[in-house]
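> Position 168, counted from 1, in the sequence shown is what my numbering calls 365; the numbers after and before it change by one each time, with no gaps.
Here it is, the structure in full.
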Amino acid sequence: MKLGIGIGWRPEIAAEVEALTGVDWVEVVAENLCADHLPDSLVRLRERGVTVVPHGVSLGLGGADRPDAERLAGLAARAELLGTPLVTEHIAFVRAGGPLTASPRLEAGHLLPVPRTWDALEVLCENVAIAQDSLPVPLALENIAALISWPDEELTEGQFLAELVERTGVRLLIDVANLHTNHVNLGEDPAKALDELPVEAIAYVHVAGGVEKNGVWHDTHAHPVTAPVLDVLAELRSRVDPPGVLLERDDAFPPGGELAAELEMIRATLRTAGSPSGARTGTRTGTTAPPAVRPGARDRTAVAQTALLSALVAGTPAPEGFDHRRLRVQSRALAAKRADVVAKVAPELPEILGDGYRAAFLGYAKSRPMSGGYRRDALDFAERILISGGLADPVAQRRLTHWWEDRSGPRPPSRTTRIVRAARAVLAGK
198 MKLGIGIGWR PEIAAEVEAL TGVDWVEVVA ENLCADHLPD SLVRLRERGV
248 TVVPHGVSLG LGGADRPDAE RLAGLAARAE LLGTPLVTEH IAFVRAGGPL
298 TASPRLEAGH LLPVPRTWDA LEVLCENVAI AQDSLPVPLA LENIAALISW
348 PDEELTEGQF LAELVERTGV RLLIDVANLH TNHVNLGEDP AKALDELPVE
398 AIAYVHVAGG VEKNGVWHDT HAHPVTAPVL DVLAELRSRV DPPGVLLERD
448 DAFPPGGELA AELEMIRATL RTAGSPSGAR TGTRTGTTAP PAVRPGARDR
498 TAVAQTALLS ALVAGTPAPE GFDHRRLRVQ SRALAAKRAD VVAKVAPELP
548 EILGDGYRAA FLGYAKSRPM SGGYRRDALD FAERILISGG LADPVAQRRL
598 THWWEDRSGP RPPSRTTRIV RAARAVLAGK
């Protein structure tokens, strides 16, 4: 299906997106939609004939666990609601631990790279097959950006994706900004990856901005698209005419005029890159197929991913072979993202805590890995403050107590609940 030129729809820029000319389609984060109704802006766009594609971020198809049936059902419901021609997700893991490792469940709150090994490929392919059987439309998967790489990988990124497509028939969502990120951070050649890809499997392409700090490229989606990213887009265009190309922006949203200018840069890059010489299947040179059956692949993947995520969010020792400096960079990035997202889903917390919010949250994050979603994380953070002495300002303490009680819902009277209720009683008596 030919999608054309699109932009990521976000509530913060809904009006700007509606006003843009020449936008053929939009992509929306699936988890940000209700399963039974659409925001008015998306309704209007669909009435104008604009295609809307849901883009999932929480399935974790590269994780050791099989896909969660409830999450899959939610993604399927959103696909039905939107009448979309396809849905997309990521080649990543987002959680680890649990029954497979008999350890606490850990949530990354972020897309983390899977090891490019035959074990991880087997797990991913089985998970993709489960997802494909559960969805009403075709699935496309996105390559992700990474700050860290796994030791002892057996396949390049291009080979890994080519094998995935051959085994499952899944489509690809190629993010050229992520290819550039991995070039800067991991030394991987975008042109080589594109040469190895089955480009005929590309459903569409992402383009996004980022920023380089201390030799590390951060795929922020909050900065303008840079020339090197457009160069990778041109490389891709010289190999294939992609069915769709989409501009992503997730934060620090600019005026509509700047978004329009970035879309025009993308169009200009596609026009001037030249026509492809013909679609090529991936060049899988240097790969040797593993045995047909590899017992224990899921268990081995679970142990490896849990050890890595625990080092990143729980302060356990770094697994052997990883770059310790990069792990520290990734760990800090995960904690900072947690603080930022919790501030968005629970804006009352930084309002109540003021300038002390960020330091307090980062201190909390060092000892409390995320085990649920961000809303659960916000409640756990507030609980930790309340049971560790509370706030010096009685007004702020009262507001935080009320906030926690209003959102905690019906729960057994745990020690935390009793302490919070006691604190409220004391405050009420002042």
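Even glycine gets a Cβ: it sits at the ideal position worked out from N, Cα and C.
Predicted model, so just to flag it, every value in this text is computed and none were measured.
Any contact of the region 426 to 435 with the region 391 to 407, i.e. 3+ C-beta pairs under 8 Å?
yes
> Report the residue ranges of all beta strand (DSSP E) runs contained in full by the region 408 to 466; include only those spanning at least 3 residues, in chain order.
408 to 410, 413 to 415, 441 to 444
> Can you list, in chain order, the residues of its chain with a C-beta nearer than 6 Å to that of residue 377? Leave out the 5 residues immediately preceding and following it.
Position 180 of the sequence shown, counting from 1, holds the residue named residue 377. The beta carbon of residue 377 sits closer than 6 Å to the beta carbons of 425, 426, 429 from its chain, once the five residues preceding and following it are set aside; these are given in chain order.
> Is the region 370 to 387 in contact with the region 409 to 419, if contact means three or more CB pairs nearer than 8 Å?
yes
> I need the DSSP call for residue 585, collapsed to helix, strand or coil.
Along the sequence shown, one-based indexing puts residue 585 at 388. Here residue 585 sits in coil by DSSP.
> Which residue spans inside the region 247 to 311 form an unbroken beta strand (DSSP E) run of at least 3?
Taken in chain order, the whole beta strand (DSSP E) runs of length 3 or more contained in the region 247 to 311 are 248 to 252, 284 to 287, 290 to 295, 300 to 309.
> Give me the Cβ distance between residue 160 and residue 583, rounded to the nearest whole Å; I'm assuming they're in contact under 8 Å.
The shown model of the chain, from 198 to 627, leaves out residue 160, and the question about it has no answer.
> Identify which residue in 572, 463, 345 has its Cα closest to the Cα of residue 518.
Locating residue 518 in the sequence shown gives position 321, counting from the first residue. Checked all of 572, 463, 345; the closest Cα to residue 518 is 345.
> To the nearest angstrom, how far is the alpha carbon of residue 449 from that of residue 320?
Position 252 of the sequence shown holds residue 449. Position 123 of the sequence shown holds residue 320. The straight-line gap from Cα to Cα measures roughly 37 Å.
> Taking Cβ positions, are residue 338 and residue 352 nearer each other than 9 Å?
Residue mapping note: residue 338 aligns to position 141 of the sequence shown, counting from 1. Residue mapping note: residue 352 aligns to position 155 of the sequence shown, counting from 1. Contact: no.
> Using the Cα positions of residue 323 and residue 586, report the straight-line distance between them to the nearest angstrom.
On the sequence shown, residue 323 is found 126 positions in, with the first residue counted as 1. On the sequence shown, residue 586 is found 389 positions in, with the first residue counted as 1. One C-alpha to the other measures close to 48 Å.
> Could you say which of 403, 217, 266, 233 lies nearest to residue 245 if we only look at CA atoms?
Translated into positions along the sequence shown, residue 245 becomes position 48. Minimum Cα distance to residue 245 is reached at 217.
> So, for residue 230: in the same chain, excluding its five sequence neighbours on each side, which residues have a beta-carbon less than 6 Å away from its beta-carbon?
As a first step, residue 230 is located in the sequence shown; it is residue number 33 there, counting from the start. So the list reads 275, once near-sequence residues are dropped.
> Pick out whichever of 219, 221, 313 has its Cα sitting closest to the Cα of residue 348.
Sequence index remark: in the sequence shown, residue 348 carries index 151 (1-based). Of the listed residues, the one whose Cα sits closest to residue 348 is 313.
> In the DSSP assignment, the beta strand (DSSP E) including residue 181 goes from what residue to what residue?
Summary: the structure shown does not reach residue 181, with the chain confined to residues 198 through 627, and so no result is reported for it.
> Would you say residue 269 and residue 332 are within 9 Å of each other, going by their C-beta atoms?
Taking the sequence shown and counting its residues from 1, one reaches residue 269 at position 72. Taking the sequence shown and counting its residues from 1, one reaches residue 332 at position 135. The answer is yes: Cβ separation under 9 Å.
> Could you check how far apart the C-beta atoms of residue 281 and residue 249 are, in whole angstroms? I think they sit under 8 Å.
The residue you call residue 281 lines up with position 84 of the sequence shown. The residue you call residue 249 lines up with position 52 of the sequence shown. The pair is a contact, with the Cβ atoms about 6 Å apart (cut-off 8 Å).
> Is it buried or exposed, residue 472, if we count other Cβ atoms within 10 angstroms and call 16 or more buried?
Here residue 472 is taken as the residue at index 275 of the sequence shown, counted from 1. Burial call: exposed.
> Which residue wins for smallest C-alpha separation from residue 405, given the options 386, 456, 356, 439?
Locating residue 405 in the sequence shown gives position 208, counting from the first residue. Here the closest residue by C-alpha is 456.
> Residue 372 by DSSP, collapsed to three states: which one?
One-based indexing of the sequence shown puts residue 372 at position 175. Strand.
> What does the Cβ neighbour count give for residue 251, buried or exposed, with the cut at 16 atoms within 10 Å?
Residue 251 sits at position 54 when you count from the first residue of the sequence shown. Residue 251 is buried by the Cβ-count criterion.
> Work out the CA separation of residue 289 and residue 703 for me, nearest whole Å.
Only positions 198 to 627 of the chain appear in the structure, and residue 703 is not among them; the question remains open.
> Please name the residue in 283, 328, 526 whose C-alpha comes closest to that of residue 633.
The structure shown does not extend to residue 633, since the chain spans only 198 to 627, so no value can be given for it.
> Going by C-alpha to C-alpha distance, which of 412, 350, 305 sits closest to residue 574?
Numbered from 1 along the sequence shown, position 377 holds the residue referred to as residue 574. Of the candidates 412, 350, 305, the one whose C-alpha sits nearest the C-alpha of residue 574 is 305.
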